[in-house]
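Numbering (our numbering), first residue to last: 52 to 195.
Every residue, glycine too, gets a C-beta built ideally from N, C-alpha and C.
Working notes, structure below.
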Amino acid sequence: MSELPTMPTDPSPASRFQWINWSGLFLAFLQSVCSAFVAFHGMRLLVGIGAVVLASSAFHFAERLHVNTIRVPMMLLALAGALLNLAVLWQVRRLRHRSASAWRQQPLTPSQSRSESLQLVLSLLTLFLLMTESAAHYKLFHTP
């Protein structure tokens, strides 16, 4: 008769060192908390610098740049860029889904998919910010 192999009684190396995994996770958590406090400190510094700038003459210089001769062309350029980007994304997706081009299509790589999604989000965000700026400018100065 053959003997059945016996299982070793000592724990596997993976379970013996499991406390190292948990301690690594704990230390990563502590590091992220530390990083969050450093980031909050940096934001507090930026708020302080912003207050100094508002109180100084740099604010008057920035206000002089906020004239319609500079603001309107920049907004129009941003609007044209966002709309062009949306049109190109729509055209790419429309051509990709045509039945005539199905034979030569390759699946999108994850980086291509992320790139298209990022372009879409940034274009929509640009349009949202342009609408918000226009509404705020109209409400504050009663001019378009």
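Range of the contiguous alpha helix (DSSP H) that encloses residue i
i	result
Ser152	Here Ser152 belongs to no alpha helix (DSSP H), and DSSP marks it neither H nor E.
Pro161	Pro161 to Phe192
Cβ-Cβ distance between residue i and residue j below 8 Å
i	j	result
Ala129	Leu181	yes
Leu178	Ala131	no
Nonlocal neighbours in the same chain, by C-beta distance under 8 Å from residue i, ignoring five residues either side
i	result
Val172	none
Met126	Leu181, Glu184 and Ser185
Three-state secondary structure (DSSP) of residue i
i	result
Gln156	coil
Val143	helix
Val123	helix
Val98	helix
Cβ neighbours of residue i in the same chain (closer than 7 Å, five flanking residues each side left out)
i	result
Gln156	Arg147
Is the region 122 to 142 touching the region 166 to 173, taking contact as three or more C-beta pairs under 8 Å?
Verdict: yes, contact present.
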